[in-house]
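Student:
Protein chains: 2
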Amino acid sequence: MSGTAIRSGSVRTLALLAQQVGKPVPEVETPAVIVDLDQLGENLKELQTYADEQGIALWPHTKTHKSPEIGRMQLEYGARGLTVAKTGEAEVFHEAGARALLLHYPPFGQAKWERLADVVADGAELTISVDSAAPAEGLSAELARRGLRASILIELDLGLHRTGQTTSDGAVALAREVSQYPALDVVGISGYPGHCRGTAETIRSRLEASDAFLRETRDAFLAAGLPCDRISGGSTPTRFLTHETCVNELRAGTYALLDRTDGTEETAAVSVLVTVISDTVANQVIVDAGSKTFTSDDHPDGGHGIVVGWPELELEALNEEHGYVSAGTSERPAVGERLRIVPNHACGCVNLHDGLLAVRDGVVDHVIEVAGRGLVR
Amino acid sequence: MSGTAIRSGSVRTLALLAQQVGKPVPEVETPAVIVDLDQLGENLKELQTYADEQGIALWPHTKTHKSPEIGRMQLEYGARGLTVAKTGEAEVFHEAGARALLLHYPPFGQAKWERLADVVADGAELTISVDSAAPAEGLSAELARRGLRASILIELDLGLHRTGQTTSDGAVALAREVSQYPALDVVGISGYPGHCRGTAETIRSRLEASDAFLRETRDAFLAAGLPCDRISGGSTPTRFLTHETCVNELRAGTYALLDRTDGTEETAAVSVLVTVISDTVANQVIVDAGSKTFTSDDHPDGGHGIVVGWPELELEALNEEHGYVSAGTSERPAVGERLRIVPNHACGCVNLHDGLLAVRDGVVDHVIEVAGRGLVR
């Protein structure tokens with residue numbers, strides 16, 4: 299009754315993807331997630347250039363691609379370090395060669411504190427964000443036992459109402475408490491402006507309010523004699539407004555691949571190749587990819603992706619392995635025909651796949667391994 | 299710039315999960331997907347007993363668990379064969395030892411036809427469903443070249459309007475066409491009553507209409523001199539009504555694990571262990587699992603799961619790595635406290651994970667490998 303003799307899905311998948319290398323895109327076995335290397339390079343370069351010009355340190359969030367290869371590209375373009383959410387992601391990007399890591403997530407539990415201490419012991423410069431004392435206290439105890447140190451950002455709730463201290467007084471009090479733990483250096487504050495979405499006007503007005511809270515808290519830190527050199531913020535929708543705020547470290551993630559939500563058919567470096575497998579229902583075709591390929595992450599306008607080159611077609615609904623493409627009264631692609639679809643959400647889509655096909659000039663160049671896939675612990 | 303030197307996420311995950319074996323559930327590192335072995339056994343036994351009593355052949359759909367171990371359990375309980383959706387799943391369950399496989403999905407493309415022929419050449423008794431000629435023609439050509447055979451079910455659209463022939467005449471015409479291909483035997487019809495959801499009354503009335511279409515088509519097959527011994531249908535919501543229909547092969551899948559949508563807190567064999575990591579926002583706590591652990595698959599009543607033992611708490615929203623648990627004005631669990639949550643959708647949740655922790659009497663017994671995870675090709 300043991301499954302151990304069975305080759306795992308990721309081994310099978312990577313072997314199958316390796317067979318696609320060298321093929322022109324129209325011959326790739328579907329469904330397949332492809333990354334346009336030129337567009338990826340443009341996206342990385344555009345934000346790095348902006349950050350360099352504005353004197354902002356770029357700390358790309360790797361949750362989007364979970365790929366050592368793309369993380370290394372971001373560092374080579376000039377990122378100061380890489381951001382991760384989970385301890386397992388810290389481990390994989392440390393192994394990939396990132397010297398500086400920001401775990402923008404409170405780690406809880408002895409196992410995680412030990413794993414993070416292992417990463418520091420192995421040479422990583424680690425910063426973590428916290429919004430309560432317990433994760434910091436536990437990590438400090440483990441680091442102190444081993445003569446190691448890490449840096450701390452106190453997280454603020456900028457308006458998303460997810461995590462983060464909600465007042466400057468609360469942030470100062472927490473910073474004071476954390477400063478007393480032996481192995482931690484409080485170095486600043488952070489926040490995630492995830493509520494800054496929508497029209498340009500909405501984004502700007504919400505970001506201004508977020509910035510006011512960050513500035514107020516920075517001033518309170520300085521008045522209290524607490525260091526506040528690092529102010530970490532940013533998101534993909536707000537990334538090019540960062541210079542108008544006090545934020546000096548930018549953690550955008552999705553900007554690398556982009557998608558239907560944060561990009562366009564032209565700027566998205568990621569898309570999904572699918573094949574039409576059924577056309578028995580009027581005004582509709584079914585493609586060979588559903589929520590297990592795209593994710594069921596939704597979009598405010600409905601639908602699940604942009605069907606490239608077929609503006610009349612809409613990927614209207616997903617079952618696990620079926621995509622419902624509505625054609626209205628338009629011409630429909632035939633069974634066996636291929637479509638390329640920009641997904642709603644790059645991060646959720648990529649996290650379903652052990653590898654992505656890296657494409658240059660219409661040919662599969664190599665497989666980008668998603669080595670951080672599934673590392674939720 | 300190659301990622302090949304990096305240990306993959308699945309290798310890391312399985313190593314970490316192996317460390318949890320022997321631990322009591324409250325000591326397991328979170329987030330973790332656990333399977334209650336006793337409840338799993340009860341769910342498998344209940345449906346197998348029903349099928350045996352009614353003389354219905356059970357062909358469990360493996361998409362729910364994607365685990366060779368659970369597939370083997372289903373065969374040992376008495377399943378006639380295993381159902382899969384994708385060619386990669388056929389490969390993994392063949393390797394797991396399933397002699398009879400039903401690919402209830404039209405395979406398209408030379409690569410898939412070759413891979414399926416390999417499975418047949420290696421001894422599998424393969425049935426596939428089709429709703430158009432092209433997949434059958436391609437598979438037949440490959441099988442014929444190698445002196446192999448497979449069985450065919452003609453799929454009907456029972457009302458979900460996804461795949462399947464929409465008239466009996468169309469089904470007969472397709473069966474006649476497919477019968478002329480050299481390596482295929484048409485053996486019957488199939489359908490998926492995925493639209494039979496909702497109240498007991500809705501389920502029953504829609505299932506009756508589906509059954510009328512199946513019977514009409516069966517009679518048309520027999521009148522046309524076409525074999526129709528096998529009538530494949532069923533779903534988890536309709537599973538115990540199968541004996542009232544003409545269906546003699548049942549493909550339920552979710553019944554093995556169940557979930558918030560198709561089960562209850564008591565009958566679900568799968569749940570997710572999480573830890574509270576933040577409580578800074580009033581009337582809310584944040585847990586360490588989001589859409590990358592639960593999936594973003596939704597539920598008609600909203601929310602993302604049942605918080606076991608805390609009826610006042612609701613898992614209201616998910617970000618990628620954050621779960622928003624709303625407490626209203628009730629007592630809240632503290633940072634560091636653990637919760638156990640039954641997910642909306644077992645199939646989507648399990649597909650995110652390389653392994654599940656099999657629990658008996660509150661202790662982790664072993665890791666169930668999800669070797670079919672991610673096999674969308």
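For the protein sequence lines, the chains are A and B, in the order given.
Per the working numbering, the first sequence runs over residues 299 to 675.
Per the working numbering, the second sequence runs over residues 299 to 675.
Idealized CB from N, CA, C, for every residue including glycine.
All of these numbers come straight from a predicted model, not from anything done at the bench.
#1: Compare the C-beta of residue 500 of chain A against all C-beta atoms of chain B and say whether one is closer than 8 Å.
#2: Given a threshold of 16 other Cβ atoms within 10 Å of its Cβ, counted over all protein chains shown, does residue 343 of chain A qualify as buried or as exposed?
#3: Within 8 Å (strictly less), CB to CB, does residue 511 of chain A reach chain B?
#4: For residue 477 of chain A, which residues in the same chain have their Cβ closer than 6 Å to its Cβ, ignoring the five residues on either side in sequence?
#5: With a cut-off of 8 Å on the beta carbons, I'd call residue 363 of chain B and residue 657 of chain B a contact; round off their distance for me.
#6: Less than 8 Å between CB atoms is the rule here; does residue 463 of chain B satisfy it with respect to chain A?
#7: What residues in the segment 347 to 365 of chain A bring their beta carbon closer than 8 Å to a beta carbon of chain B?
#8: Identify each residue in the segment 584 to 605 of chain A for which the Cβ-Cβ distance to at least one residue of chain B is less than 9 Å, and report them in chain order.
#9: Indicate the three-state DSSP secondary structure (helix, strand or coil) for residue 397 of chain B in the structure shown.
#10: Between A:502, A:501, A:515, A:422, which has its C-alpha nearest residue 462 of chain A's C-alpha?
#11: Taking 8 Å as the threshold (C-beta atoms), are residue 427 of chain B and residue 482 of chain B in contact?
#12: Near residue 557 of chain A, what residues of its chain come up, given a Cβ to Cβ distance below 7 Å and the 5 sequence neighbours on each side ignored?
#13: Can you pull the chain B neighbours of residue 672 of chain A, defined as C-beta to C-beta under 7 Å?
#14: Report yes or no: is there a C-beta of chain B within less than 8 Å of the C-beta of residue 675 of chain A?
#15: Starting from residue 415 of chain B, trace the beta strand (DSSP E) both ways and give me its first and last residue.
#16: Checking contacts by CB at 8 Å: is residue 406 of chain B closer than that to chain A?
#17: Quick check on the DSSP output: what are the complete alpha helix (DSSP H) runs of length 4 or more inside the segment 576 to 655 of chain B, in order along the chain?
#18: In this structure, how does DSSP classify residue 404 of chain B when only helix, strand and coil are distinguished?
#19: Which residue or residues does DSSP assign as beta-bridge partners of residue 355 of chain A?
#20: Give the interface partners of residue 578 of chain B over in chain A, defined as CB-CB distance under 8 Å, in chain order.
#21: For the segment 385 to 404 of chain B, which residues have a CB atom closer than 8 Å to at least one CB atom of chain A, in sequence order?
#22: Counting only C-beta atoms, is residue 559 of chain A closer than 8 Å to chain B at any point?
#23: Starting from residue 308 of chain B, trace the beta strand (DSSP E) in both directions and tell me its first and last residue.
#24: With 16 as the cutoff for other CB atoms within 10 Å, does residue 491 of chain A come out buried or exposed?
#25: Can you find a C-beta in chain A that's less than 8 Å from the C-beta of residue 627 of chain B?
#26: To the nearest angstrom, how far is the alpha carbon of residue 421 of chain A from that of residue 440 of chain A?
#27: For residue 304 of chain B, name the three-state secondary structure that DSSP assigns.
#28: Does the contact criterion of 3 or more C-beta pairs under 8 Å hold for the segment 543 to 563 of chain A versus the segment 519 to 531 of chain A?
#29: With DSSP collapsed to three states, give me the class of residue 664 of chain A.
#30: I'd like to know if residue 682 of chain A contacts chain B, where contact means its C-beta is closer than 8 Å to some C-beta of that chain.
#31: Between the segment 619 to 636 of chain B and the segment 566 to 586 of chain B, do three or more beta carbon pairs fall short of 8 Å?
#32: Hey, residue 458 of chain B and residue 512 of chain B are a contact pair by Cβ (cut 8 Å); roughly how many whole angstroms apart?
#33: Measuring CB atoms only, is the segment 382 to 392 of chain A touching the segment 587 to 605 of chain A, in the sense that at least three cross pairs come out at less than 8 Å?
#34: State the start and end residues of the unbroken alpha helix (DSSP H) segment that holds residue 453 of chain A.
#35: Where do the N-terminal and C-terminal ends of the alpha helix (DSSP H) with residue 506 of chain A fall, by residue?
#36: Return yes when the Cβ of residue 493 of chain B is within less than 8 Å of the Cβ of residue 502 of chain B, no when it is not.
Tutor: Considering the structure as presented:
#1: no
#2: When all chains shown are included, residue 343 of chain A counts as exposed.
#3: no
#4: 484, listed in sequence order.
#5: Their Cβ separation, rounded to whole angstroms, is 15 Å, which puts residue 363 of chain B and residue 657 of chain B out of contact at 8 Å.
#6: yes
#7: 361, 364, 365
#8: 584, 586, 587, 588, 589, 590, 591, 593, 594, 595, 596
#9: coil
#10: A:515
#11: Annotated as distal: residue 482 of chain B and residue 427 of chain B, with beta-carbon spacing of 8 Å or more.
#12: Correct list, in chain order: 566, 568, 640, 641, 642, 643, 644.
#13: 307, 308, 311, 650, 651, 652
#14: yes
#15: Not the beta strand (DSSP E): residue 415 of chain B falls in the alpha helix (DSSP H), residues 408 to 419.
#16: yes
#17: Runs found: 589 to 592, 644 to 648.
#18: For residue 404 of chain B, the secondary structure class from DSSP, reduced to helix, strand or coil, is coil.
#19: A:547
#20: 429, 430, 455, 461, 462, 463, 464, 468
#21: 386, 389, 390, 393, 394, 403, 404
#22: no
#23: Careful: residue 308 of chain B lies outside any beta strand (DSSP E), inside the alpha helix (DSSP H) at 307 to 316.
#24: buried
#25: no
#26: For residue 421 of chain A and residue 440 of chain A, the distance between alpha carbons rounds to 16 Å.
#27: Of the three classes helix, strand and coil, the one that applies to residue 304 of chain B here is coil, per DSSP.
#28: Yes, the segment 543 to 563 of chain A touches the segment 519 to 531 of chain A.
#29: In the displayed model, residue 664 of chain A falls within a strand according to three-state DSSP.
#30: Residue 682 of chain A falls outside the range modelled here, since chain A spans only 299 to 675, and no answer is possible.
#31: yes
#32: In fact, because the Cβ distance is near 14 Å, the residues do not count as touching under 8 Å.
#33: no
#34: For residue 453 of chain A, no alpha helix (DSSP H) encloses it; the enclosing beta strand (DSSP E) starts and ends at 448 to 454.
#35: 498 to 521
#36: no
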